[in-house]
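Beneath this line is the structure, given in structure tokens, with notes to follow.
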Amino acid sequence: METAPRQIVAFGGGGFSMESGNPLLDEYVLGLCRRERPKVCFLPSASGDADHYVVRFYRAFPAERCEASHISLFRREQGPEDLRTHLLSQDLIYVGGGSVVSLLGVWRAHGIDQILREAWEAGVVLCGLSAGSLCWFEEAVTGFHGAPQRVEGLGLLPFSNCVHYEPTSERRLAYHAMLRAGMRPGYAAEDSAGLHFIGCELSRVVASRPAARGYRLDAAGDRVIEMRLATTYLGDAPPVTRLPGATSSSLSATSAA
Amino acid sequence: MVSRILTLGGHDFTSRPPDRAVSELMLRLATERAGKRPKICILPTASGDTSEQIGRFYAAFGERPCEPSDLSLFRLGRRPMALRDHLLSQDLIYVGGGSMVNLLAVWEAHDLSAILSLAWRQGIVLAGQSAGAMCWFESGITKSSGKPEIEAGLGLLHGSLCVHYNNEPERRAAYLEAVSNGMPSGYGLDDYAGLLWEGEGPPSAVTARRGARAYRVTSSDTGVVESPLPARFLPAPAPAALREDIAEFRRIKSMRKRAGWLG
Chain A
679 METAPRQIVA FGGGGFSMES GNPLLDEYVL GLCRRERPKV CFLPSASGDA DHYVVRFYRA
739 FPAERCEASH ISLFRREQGP EDLRTHLLSQ DLIYVGGGSV VSLLGVWRAH GIDQILREAW
799 EAGVVLCGLS AGSLCWFEEA VTGFHGAPQR VEGLGLLPFS NCVHYEPTSE RRLAYHAMLR
859 AGMRPGYAAE DSAGLHFIGC ELSRVVASRP AARGYRLDAA GDRVIEMRLA TTYLGDAPPV
919 TRLPGATSSS LSATSAA
Chain B
-11 MVSRILTLGG HDFTSRPPDR AVSELMLRLA TERAGKRPKI CILPTASGDT SEQIGRFYAA
49 FGERPCEPSD LSLFRLGRRP MALRDHLLSQ DLIYVGGGSM VNLLAVWEAH DLSAILSLAW
109 RQGIVLAGQS AGAMCWFESG ITKSSGKPEI EAGLGLLHGS LCVHYNNEPE RRAAYLEAVS
169 NGMPSGYGLD DYAGLLWEGE GPPSAVTARR GARAYRVTSS DTGVVESPLP ARFLPAPAPA
229 ALREDIAEFR RIKSMRKRAG WLG
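First to last, the sequence lines map onto chains A and B. FYI, in our numbering the residues of the first sequence are 679 to 935. FYI, in our numbering the residues of the second sequence are -11 to 251.
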């Protein structure tokens, strides 16, 4: 049997949650599925399974395009009884934004953390924005609960991660400080930019706005090295051709404090 | 200040008499602690911080002599709050119903369990219904995953609790079986029945609806025994609309008095 690659697309922000009318990132992740009409399951746990968020998901992922479902861990009596079977049968699992701390707490209580690892290893594409990006990494910077703080994610990707990485954001400064203090190297993404990992390698950075960027971050002693990554704007060309993994030649280093 | 917890088998924040009676008891307990206009905070965590649960809480307490607030862990992004400071400044912390598993998992993730234990030791009244009642015990019977299952709570109260005792036969059956299999003995609470725990002593039972009962559930040689507890009936206060009319009447009367219209 042909084994599907392990894939994660981590959005700094964007998709239906944040970019009403701009389906580029959502279309990109649907395009990674190996089925014409893929099975997509939405996990809105980080929002406390907010009803309005679930409704917006179903609007953005209509029945013509895919077979959409969601799992509400606050209303288990309504959803699929066997979470594992349901999640492992998906082509794409889409994780919504909100509180990453609460997300991880609830997932662990229901064993979703283990199931998602299994799903990833089985080739189910995992994606999400904001909290739904941070959760896949070993370490992450959350700014959801006031001052930015470090959280430990599921650890599928052995990097750190920061989302909503805008040049003047408090998160960016906090991330740099954490890197200097020994946080492992990692990746950051601005709103509308998505980091596409195949296995544990960054394959490419895609964006639903031409100016949105992803970054690679590392610390050398007291210095933070922030490399702006070459990013493919998804509005220019159909998002089908897969670029080779990002290498140093495709990176353009910019100054870092 | 003596530690107090009010655990309820089930209620809502509507304007119906039994719901008003429950809200009134909470207001009284909070006011006793505060000695003045009390602070009452809802933790709607078990519901995923639904607007509905929060809205009903404000509808019940918004017009009463208290300062209501909500601490919504899933909404901190839009409204950051200092969790510890806010909770420890309250007179009563009310925990809403929903998923007991998620409630405890999210609290643990935010280190809220320790803060709530501290609040309890400081005499801040803790209250809650359904998941928000079972969470204070050693264990309860949750339907967080669909089927009734045993779930461990924070253990501030000894023993176990089963809620919605009259309304959910499958939950009650699961509880009786669990107790016969060695789950710590405890209590069954119908909707609108409650237990008020004060200090170390046994709880006193209250009921806001005729026929709603609290049971002591224990395991014996002959099987599990359910003994109904004598309960104090909680009368419903005047409905909000009537209270407003009375308040309005008093305002007009005092204005007239000031204006010298009345003697």
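C-beta atoms are modelled at their ideal positions from N, C-alpha and C, and glycine is treated no differently.
Handout entry: Integer Cβ distance of tyrosine 60 of chain B from isoleucine 42 of chain B, believed to fall under 8 Å
Key = It should be noted that the sequence gives serine, not tyrosine, for residue 60 of chain B. Their Cβ separation, rounded to whole angstroms, is 7 Å, which keeps serine 60 of chain B and isoleucine 42 of chain B in contact under 8 Å.
Practice task
Pick helix, strand or coil for lysine 241 of chain B, following the three-state DSSP scheme.
Solution key: helix
Problem - DSSP-derived helix/strand/coil call for histidine 854 of chain A - result: helix
Exercise for the section: Compute the Euclidean distance between the alpha carbons of leucine 149 of chain B and glutamate 745 of chain A, then round it to the nearest angstrom. Expected result: 41 Å
Practice task
Let me know if glycine 789 of chain A comes out buried or exposed under the rule of 16 or more other beta-carbons within 10 Å of its beta-carbon.
Solution key: Answer is exposed; the Cβ neighbour count stays below 16.
Practice task
Determine the direct distance from the alpha carbon of tyrosine 911 of chain A to that of valine 884 of chain A, and round the result to whole angstroms.
Solution key: In a straight line, the C-alpha of valine 884 of chain A is about 6 Å away from that of tyrosine 911 of chain A.
Practice task
Write down the C-beta distance between cysteine 711 of chain A and valine 803 of chain A rounded to the nearest angstrom, noting that I regard them as a contact closer than 8 Å.
Solution key: 6 Å
Handout entry: glycine 134 of chain B and cysteine 123 of chain B closer than 7 Å at C-beta
Key = Not in contact: glycine 134 of chain B and cysteine 123 of chain B (Cβ atoms no closer than 7 Å).
Practice task
Could you work out which residues of chain B lie near leucine 912 of chain A, taking near to mean beta carbons separated by less than 9 Å?
Solution key: Going along chain B, no residue has its Cβ under 9 Å from leucine 912 of chain A, so there is no contact; the nearest lies around 27 Å.
Problem - Residues, ordered as in the chain, of the stretch 830 to 849 of chain A that lie near chain B by beta-carbon distance below 9 Å - result: none
Practice task
Reducing DSSP to helix, strand and coil, say where tryptophan 185 of chain B ends up.
Solution key: strand
Exercise for the section: Please classify threonine 909 of chain A: is it buried, with 16 or more other beta-carbons within 10 angstroms of its beta-carbon, or exposed? Expected result: buried
Practice task
Flag phenylalanine 45 of chain B as yes if its beta-carbon sits less than 7 Å from any beta-carbon of chain A, otherwise no.
Solution key: no
Problem - Euclidean distance between Cα positions of glycine 182 of chain B and phenylalanine 875 of chain A - result: 53 Å
Exercise for the section: Report the neighbours of histidine 98 of chain B on chain A: residues whose CB is nearer than 9 Å to its CB, in chain order. Expected result: Ser777, Val779, Ser780, Gly783, His823
Handout entry: Proximity of alanine 193 of chain B and leucine 217 of chain B at Cβ, strictly below 7 Å
Key = Yes, Cβ-Cβ distance for alanine 193 of chain B and leucine 217 of chain B is below 7 Å.
Handout entry: Start and end residues, beta strand (DSSP E) containing arginine 740 of chain A
Key = As written in the sequence, residue 740 of chain A is proline, which differs from the arginine given in the question. It is not in any beta strand (DSSP E) - proline 740 of chain A carries neither H nor E in the DSSP assignment.
Problem - Distance CB(glycine -3 of chain B)-CB(leucine 177 of chain B) smaller than 7 Å - result: yes
Problem - Touching by the beta-carbon criterion (3+ pairs, under 8 Å), the stretch 70 to 84 of chain B and the stretch 757 to 766 of chain A - result: Contact fails between the stretch 70 to 84 of chain B and the stretch 757 to 766 of chain A, because fewer than three Cβ pairs, one in each stretch, are under 8 Å apart.
Handout entry: Proximity test, Cβ basis, 7 Å: aspartate 769 of chain A and chain B
Key = Under the Cβ criterion of 7 Å, aspartate 769 of chain A is not counted among the residues facing chain B.
Handout entry: Contact belief for glutamate 18 of chain B with cysteine 54 of chain B at Cβ below 8 Å, rounded distance in angstroms
Key = In the sequence on display, residue 18 of chain B carries alanine and not glutamate. That pair is a contact at about 6 Å.
Exercise for the section: Might you give, ordered along the chain, the residues of its own chain that have their beta carbon closer than 7 Å to the beta carbon of glycine 801 of chain A, omitting 5 neighbours on each side? Expected result: Thr681, Ala682, Pro683, Arg684
Problem - Limits of the alpha helix (DSSP H) - the one that phenylalanine 49 of chain B falls within - result: 39 to 49
Practice task
Please state if the CB of glutamate 816 of chain A and the CB of proline 836 of chain A are separated by a distance shorter than 7 Å.
Solution key: Contact: yes.
Exercise for the section: Ignoring anything shorter than 3 residues or poking outside the stretch 795 to 870 of chain A, list the beta strand (DSSP E) runs there in chain order. Expected result: 803 to 807, 815 to 820, 827 to 830, 835 to 840, 864 to 867
Practice task
Out of B/Leu104, B/Glu51, B/His152, state which residue places its alpha-carbon closest to the alpha-carbon of serine 118 of chain B.
Solution key: B/His152
Handout entry: Cβ-based neighbour list, valine 779 of chain A, same chain, cut-off 8 Å, excluding 5 preceding and 5 following
Key = Thr820, Phe822, His823, Val829
Exercise for the section: For the stretch 864 to 911 of chain A, list the beta strand (DSSP E) runs that are entirely contained and at least 3 residues long, ordered along the chain. Expected result: 864 to 867, 871 to 876, 879 to 885, 892 to 898, 901 to 907, 909 to 911
Problem - Residues near threonine 38 of chain B in its chain [Cβ-Cβ closer than 7 Å; skip 5 each side] - result: Non-local beta-carbon contacts of threonine 38 of chain B in its own chain, meaning distances under 7 Å to residues more than five positions away in sequence, involve Pro32 in chain order.
Handout entry: 7 Å CB neighbourhood of methionine 69 of chain B in its chain, flanking five on each side removed
Key = Leu59
Handout entry: Cβ pair leucine 164 of chain B, valine 89 of chain B closer than 7 Å
Key = The answer is no: Cβ separation not under 7 Å.
Problem - Nearest candidate by alpha-carbon position, reference leucine 64 of chain B, set A/Ala825, A/Ser747, A/Tyr736, A/Ala866 - result: A/Ala825
Problem - Contact residues within the stretch 788 to 813 of chain A, judged by C-beta distance below 8 Å to chain B - result: Hits within the stretch, in order: His788.
Problem - Simplified DSSP assignment, three categories, for alanine 746 of chain A - result: strand
Problem - Rounded separation between arginine 198 of chain B and phenylalanine 221 of chain B - CA only - result: 8 Å
Handout entry: Pick from B/Gly116, B/Ser208, B/Asp0, B/Lys131 that is closest to isoleucine -7 of chain B, judged by C-alpha positions
Key = B/Gly116
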